[in-house]
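Okay, so the sequence shown: first residue is 1 according to full-length UniProt numbering, each after it adds one. Cβ atoms here follow ideal geometry from the backbone N, Cα and C, with glycine treated the same way. Given the structure is predicted, the values throughout are model-derived calculations rather than measurements.
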Amino acid sequence: MLRSKEIQKQVRKKVIEIYQSGKGYKAISKALGLLRTTVRAIIYKWRKHGTVENLPRSGWPTKITPRAQRQLIQEVTKDPTTTSKELQASLASVKVSVHDHKKDTGQKWFAWQSSKTKTAAEQKEHKGLSQFCQKTSG
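Okay, structure coming up:
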């Protein structure tokens, strides 16, 4: 599957074929309508890795297996109103652990935002409001 702004595999193979026939970067870029830097990058990758295929990118490994992903897709297509808790339970049956830490993170961020230091005027206003509430409530 192509990612955004990637050159098609056939074009990359064509660049390598033309390069192996003895043409330079400038001639290849004119012939195929690509930038010289793009041609250079394709040839550099081919020299380094011996292929023009899309290589896997770095990043955190996925927690969910392809089997578990298929199961989730089946469940959601069968019943689109499935809740996240139900999906989490079904993942537990396939021995994939999913936590609710993202919700937690949002709550921690909100608590952090609200606990930032307030100006003296804001503290005085808050203190006055809390005293007023105490007097009126009881």
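Straight-line CA distance for Lys-63 to Leu-32? 41 Å
Buried or exposed: which applies to Ile-73, given that a residue is buried once 16 or more other Cβ atoms fall within 10 Å of its Cβ? exposed
Whether Val-52 touches Trp-46 by CB criterion (8 Å): Yes, Cβ-Cβ distance for Val-52 and Trp-46 is below 8 Å.
Quick one: give me the first and last residue of the alpha helix (DSSP H) that Glu-6 is part of. Here Glu-6 belongs to no alpha helix (DSSP H), and DSSP marks it neither H nor E.
Proximity winner among Glu-6, Lys-48 and Leu-87, relative to Leu-34 (alpha-carbon distances): Glu-6
For the alpha helix (DSSP H) containing Arg-40, name the first residue and the last one. Element bounds for Arg-40: 36-49.
Three-state secondary structure (DSSP) at Gly-24? It is coil, neither helix nor strand.
Within the continuous alpha helix (DSSP H) that includes Leu-87, where are the two ends? Leu-87 -> alpha helix (DSSP H) spans 84-93.
Rounding to the nearest angstrom, what Cα-Cα distance links Glu-75 and Val-15 in this structure? So the alpha carbons of these two residues sit roughly 45 Å apart.
Quick one: what's got a C-beta closer than 8 Å to Val-11's C-beta in the same chain, skipping five residues either side? Leu-32 and Leu-34
If I measure Cβ to Cβ from Gln-88 and keep anything under 6 Å in the same chain, skipping five residues before and after, which residues do I get? Val-98
Suppose the cutoff is 8 Å on Cβ atoms and the five residues either side in sequence are ignored; what does the same chain contact list for Ser-90 look like? Gln-71, Leu-72 and Glu-75
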